[in-house]
Structure formats: structure tokens, C-alpha cells
Amino acid sequence: MIISASRRTDIPSYYSEWFFNRLKDGYAYVRNPMNPHRISEVSLSPDVVDGIVFWTKNPTPMLNRLHELQDYAYYFQFTLTPYRTDVEKCLPSKKDIIIPTFQKLSSLIGKERVVWRYDPILLSDKYTMEYHMKYFRVLCERIADYTEKCTISFLDLYKSIQRSISPLGIRPLSPGQAEELAGYFSEVAKEYGIYIDTCAEDIDLDKYGIEHARCIDRQRLERTGNYKLDVERDKNQRAACGCVASIDLGAYNTCRNGCVYCYVNFNQTLVRSCCDKHDPTSPLLYGKVSADDIIKLREMKSLRDG
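Residues -9 to 296 in our numbering are what the sequence shown spells out, letter by letter.
Structure below.
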């Protein structure tokens, strides 16, 4: 089985100690987000874990512990955008910390295991089309030697983010603007030897050489692990999503990056409450097992062919 760590929160940035403790103990508890009293015990044994996909904006805390992943195939989905602290409130300096971390991570594990994400793309009076065109090239200049591809997506107007984005005048791109920007990005990326794909976008950008992404990517894990995987597409994702099936270790309302476009945090008060309940030695990402909880062993097996 493939482990996702995590679509729901930034585990590398804020919970790396917990994650490595979970690897050491060989399992983690994951609450069902739709039924919190149901907990799955997820095995993290290398015998059944066929790969790990990390999602992060700042994996700096993991850099000195990557050797602890030696028994696993893995790669990183690394989000790096040109937004400032009005949009991504709690991230450290892109210039001084995030970009050097991107470069160092790639140097340590190989550029095929560091996927650049430029998402979500949004517009405002400050973050204009011209702004994105300028800074996409700037970022390409800094990290093109450290990745193979860039995955892009465009802002979705979830109800949960309306209150946080409205003071900044943030708006989504029109279909015409999305196509124009994607076409420009594709040409720039080619100059720097990387390619573009899109994450769960319905828009057809084939004429620019832009295909739909597979963020949980069977082929990338096969290449990393040097084996074949017999794994199906993830039926729980949107129709335009090309990801294969995985088990997510994260929890909603636990990411401290403070991004105004984030749809997995309901509000910052709840985020602070959940984060205060985090214990790096606990099987759960936050909180404790109560008498009302039901723990069930998740049925898992390796999907490696043969």
C-alpha cells in the first residue's frame, strides 16, 4: 500500500518527529474524518508500505533524518509559490530558507524525487498575470536543476475559504486567463528543461503539451523503488485526478502554514486547539484515544508485482 503524508496537513514541516516515531514503532492511528470515533491502525512496515508520498511547503526539519527512510521508496510533492506572507502567513523566507531547502533536498535524494508544485494559482490586484509570469521564470532559474517537473493548479472557490480571501481581493482565473498562463508557463519550463502538468483540472491544455498529473504516481514510485506496482486509481478523488490509491496519515485542522487559500483548515481557532493536543510520541497525530473510540486494524498488503 502507498502512504500519503499528507494531503490534509504538512507533516514534514510540523510533525516530522511524530512521523519518524511512527516508523520506528511500525504503525500509526488515523481517525476517520467522517466518523472521528473510528480509528484505523495503519501498518508502516516496509513489508507492506510500497511507497510514501510527502506533501510539504517546508521539509527543512526532515533533512537531517532522511537516512531513516532508507527502507522505503518515497518522493516529495514540494509546493513553492511566489506568494508573500499576506497569503502564506506562517512560511519562512522563500529566498533564505525554502528555496535553499528545495535545492538541498534534491541534492540529497535526486531531482526525480522532488516534484515542484506551483499551486494554487490565484489572482488579485497584487498577484496579477504579469506577476506570475515574472516570478515563475525567477523560480525556474533557481530550482530547474533540482526537479524534473512542475505541477500547477488553479484556485477553487471553496466556501470554507471565502472569508479568508475576500479581504485580499483574491479571485480565480477565468478559463481564458488559465489557458494563457499555462501556455506561457509551458514555454518557460521547456527553456529550463522541465515539464508542466495539472493537478485535478478539467481544462484541456494538451495543445501546450500539458497533461493531467498523477500526484500519487505509480510510475514515479516504481522508478524509485525499482519494482512494479499493481495498484488501481484512487476512486475517492475527483474525476480529473490521476492519483492511484493511498492511505493518508494526516488530519484536518492541524496545518500551521496559515495559507488563506487552504480548504483543509476550518478556522484558526480550531487549528490552534488541535495543534495543542499534538504529542509526538502518540500513535495519533493529535489527541488521545477515548473510551468511545473503536480501533480497527486496516487491512493492508504489498502491491508489488511478484
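Where is the CB? At the ideal position from N, CA and C, for every residue including glycine.
Every value quoted in this text rests on a predicted model; they were computed, and no experiment measured them.
Which complete beta strand (DSSP E) runs does the region -1 to 46 hold, if anything under 3 residues is left out?
17 to 22, 25 to 33, 41 to 46
key: Collapsed DSSP secondary structure at A(-5) in the structure displayed   = strand
Check: So D238 packs on S(-4), CB below 8 Å; how close in whole Å?
Finding: 5 Å
Please state the DSSP three-state secondary structure of I284. strand
Inspect the CB distances between the region 126 to 144 and the region 79 to 92 and report whether three or more fall short of 8 Å. yes
query = Counting along the chain, where does the beta strand (DSSP E) carrying D109 start and finish?
reply = 104 to 111
Applying the 10 Å Cβ sphere with the 16-neighbour rule, what's the burial state of A203? buried
Quiz item: Exposed or buried, L113, counting other C-beta atoms within 10 Å across all chains shown (16 or more means buried)?
Solution: buried
Out of S154, K84, Y174, which has the shortest C-alpha to C-alpha gap to R132? K84
- prompt: Which residues in the same chain have their Cβ closer than 6 Å to the Cβ of S6, if we skip the five residues on either side of it in sequence?
  reply: P51, M52
What does the Cβ neighbour count give for S236, buried or exposed, with the cut at 16 atoms within 10 Å?
buried
Checklist entry - For F9, which option in N48, L59, D37 has the closest C-alpha, if you only look at C-alpha atoms? => result L59
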